[in-house]
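Shown next, in structure tokens, is the structure this report addresses.
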Amino acid sequence: MIQNSKLKTAMEAPLKIDQVLKSIEREALITLTQELIKIPSVRRQDRGNEEKVALFVAHYLEEMGLDVVIEEVEPGSPNVIGILQGEGDGPCLMFECHTDVVTEGDPSEWKYNPFDGKLIGNRIYGRGACDTKGNLAAALKAVEAISRSGIAFKGKILLGILADEEGLMRGVKHFIRHGWANRVNAAIICEPVDNHLCITQKGALRAEIVTTGKMSHGAMPLAGLNPIPPMVSILEKLKQLEEEEIERLGKDRFLGYPSITPTVLQAPVRGEPQLNVVPYQCRALLDIRTIPGQSHEALKKQLEDIVKEEEGAVCESLRSGSLREIREELEKGLSKGISFQAKLNIFEDRPWTKTSMEEPIVQAIAKAYQSITGEEPVYDGVPGATDGTFLTAWAGIPIVTIGAGKRMIPHQKDEWVSVEDLCLTAKLYAASALEFLTP
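In the numbering used here, the protein residues as written are 4 to 442.
Written out as structure tokens, the structure is:
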């Protein structure tokens with residue numbers, strides 16, 4: 004009798020999962036995505052702006068019957084945590100989404116208003132449609148379908164709807180520091196990656212280099228010290244370091260090549276630039292992306308060595324008067340008091356992540372994908388960092404990133420997401436959770 008009971012339960016489980024998936028309604032998913040897009044949550048000049056959409060989500064979760072906690076990360080930027088409790092002890096699966104979006108830029112450049120959430124054909128348009136309010140809606144609908152079905156599962160589902168992913172990821176850092184990650188056994192990161200099963204992601208170092216010389220007239224540059232040429236020398240050496248790292252590591256199967264990319268160059272750093280004025284300072288910002296096998300600590304030391312080497316070379320030239328121009332000016336007494344500095348500041352360190360294909364969460368998602376689509380999943384990697392970076396690096400949580408949206412669409416004008424992709428994503432989220440948590 005016991006064996007027959009177990010067999011009956013095993014046969015019923017797929018039927019119940021199928022019922023859960025059928026309860027995820029296309030029109031309801033579209034409407035929820037549109038409602039989220041219509042609440043602007045752009046972080047402007049490092050200022051929080053997620054409160055309205057976070058409170059909307061919190062109310063939605065409460066209506067679903069979940070236990071909801073709202074925690075302020077900083078003014079205007081709360082985290083929302085919702086928990087659906089299963090039957091008895093078991094693992095905790097987290098769905099991680101973020102409420103903030105990047106700037107819309109000039110709205111007149113958009114074909115459709117960036118905060119209308121307009122449905123055109125099979126696409127929903129708007130800022131955040133792809134990254135990642137569409138996937139937030141899919142996660143909400145997936146958990147709602149599980150909750151309403153009454154299907155038995157062990158453990159719990161935790162929805163972490165976090166602030167400031169597009170900035171310094173303060174939301175996930177707050178989440179971890181306040182102990183929430185201690186309860187989580189695995190996490191699905193809800194980001195636009197073509198519904199590929201992404202088991203690795205690039206790391207990131209964000210750095211600032213400032214070279215400091217002496218301001219002077221553009222017609223009499225030798226009366227000062229131009230900080231721009233030393234910066235150019237540093238950037239050339241960084242390009243050489245990038246090439247060396249590519250040669251050493253090769254091309255990662257999922258992530259491609261590592262990179263060291265100058266993205267901002269300013270001179271002067273403060274104040275108005277002028278053609279006939281040699282600036283006092285020059286500033287460069289670096290977006291450094293790493294792949295598995297790279298040591299961030301070793302890379303930091305290499306960066307520091309390059310900057311110190313340039314500083315030393317320029318200072319030695321000043322001391323010895325070895326440069327013709329400097330020697331001539333020293334003789335005239337015009338270069339008195341000239342000094343040079345080059346400083347490196349690494350203000351963000353996001354390690355790369357890699358999740359084993361043997362992890363239960365990877366296998367659960369793969370099984371769900373096969374069951375729904377009849378095809379093998381496409382394994383892939385995330386070219387940028389996500390909140391999952393810190394869930395793994397700081398809390399040791401195995402993560403998988405998967406979600407609707409073409410990965411090249413985020414942060415562009417006329418951002419959009421396919422309704423069909425969103426529907427698949429919502430079903431994948433629900434089925435993956437049940438595969439991971441159902442006994």
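Beta carbons: idealized from backbone N, C-alpha and C, even for Gly.
Reference residue i, options the options, closest by Cα
i, options, result
"V403", "V381, G91, K416, M234", "V381"
"S26", "E245, G153, P232", "G153"
"F257", "D383, I231, T102, G377", "D383"
"E107", "C100, F118, H101", "F118"
"G387", "I294, E300, T376", "I294"
"K346", "L171, N198, S44, G216", "G216"
"E30", "R292, D352, Q22, K144", "K144"
"I349", "S374, I375, L321, E300", "E300"
"P276", "G315, M218, V105", "M218"
"K370", "R273, L437, G315", "L437"
"S150", "Y63, T102, E248", "Y63"
"A398", "G377, G182, L321, A367", "G182"
"K416", "V71, V385, W113", "W113"
"T264", "D255, E250, I237", "I237"
Span of the beta strand (DSSP E) around residue i
i, result
"T102", "Taken as a continuous stretch (DSSP letters only), T102 belongs to no beta strand (DSSP E), as it is neither H nor E."
"V420", "419-421"
"R286", "284-293"
"A345", "344-353"
"W165", "A quick correction: the sequence has Leu, not Trp, at residue 165. Its beta strand (DSSP E) spans residues 159-165."
"R46", "That residue, R46, is in no beta strand (DSSP E); it is neither H nor E in DSSP."
"V83", "80-88"
Buried or exposed (CB count within 10 angstroms, at least 16 for buried), residue i
i, result
"E334", "Per-residue confidence for E334 stands at a pLDDT of 49, beneath the threshold of 50, marking its modelled position as unreliable; the derived number appears in the next sentence. With fewer than 16 other Cβ atoms within 10 Å, it is exposed."
"T428", "buried"
"N52", "buried"
"F439", "buried"
"G253", "exposed"
"K304", "exposed"
"P78", "exposed"
"K205", "buried"
"P110", "exposed"
"Q37", "buried"
"K242", "exposed"
"L278", "exposed"
"D134", "buried"
"N125", "exposed"
"T102", "buried"
"K136", "buried"
"R273", "exposed"
"M360", "exposed"
Backbone CA spacing between residue i and residue j [nearest angstrom]
i, j, result
"S435", "G89", "15 Å"
"A189", "I400", "6 Å"
"I42", "R286", "36 Å"
"L431", "M97", "14 Å"
"M223", "P271", "17 Å"
"I3", "E75", "This structure cannot speak to residue 3, because the chain is shown only from 4 to 442."
"V196", "V310", "36 Å"
"I3", "L225", "Missing from the structure shown is residue 3; the chain here goes from 4 to 442 and no further."
"G129", "N138", "13 Å"
"E362", "Q344", "49 Å"
"V281", "G296", "42 Å"
"V365", "L200", "8 Å"
"V422", "V45", "23 Å"
"P94", "T441", "10 Å"
"E418", "G170", "19 Å"
"C426", "L32", "7 Å"
"E28", "P261", "41 Å"
"I375", "L244", "45 Å"
"V317", "P233", "8 Å"
"P230", "P81", "42 Å"
"K19", "R292", "43 Å"
"G221", "I192", "52 Å"
Nearest-angstrom Cβ-Cβ length linking residue i and residue j, presumed shorter than 8 Å
i, j, result
"I202", "T358", "5 Å"
"R186", "L161", "7 Å"
"G406", "E147", "Not confirmed; about 17 Å, so no contact."
"V213", "Q284", "6 Å"
"D92", "K176", "Contact flag wrong, Cβ pair sits at about 29 Å."
Residue i CB to nearest heavy atom of the ligand SAH below 6 Å
i, result
"K19", "Of the ligands one can find in the structure shown there are none, so the ligand SAH has no counterpart to examine."
Residue i, enclosing alpha helix (DSSP H) - first and last residue
i, result
"N138", "137-152"
"A371", "363-376"
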